[in-house]
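In our numbering, the protein residues as written are -10 to 45.
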């Protein structure tokens, strides 16, 4: 029983999966932030173009 508990305590494979999950979440958050800012910029550009094309 002691060997089994020691083996479980020393097993780090689950920690690696959690680390990869956190890295993936960080990358996804960065991509979402960039796309959100890019979307707002594109919205401003298209609004300006629409206004100019309509003669405003």
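Just so you know, even glycine gets a beta-carbon here, dropped at the ideal spot from N, CA and C.
Give the DSSP-derived three-state secondary structure of residue 25 in the structure shown. Residue 25 sits at position 36 when you count from the first residue of the chain shown. Residue 25: helix per DSSP, three-state reduction.
By how many angstroms is the C-alpha of residue -2 removed from the C-alpha of residue 15? Mapped onto the chain shown, residue 15 falls at position 26. Mapped onto the chain shown, residue -2 falls at position 9. Residue 15 and residue -2: Cα-Cα distance of roughly 27 Å.
If you run the structure through DSSP and keep just helix, strand and coil, what is residue 44? Walking along the chain shown from the start, residue 44 turns up at place 55. Looking at residue 44 - three-state DSSP - the assignment turns out to be coil, as it is neither helix nor strand.
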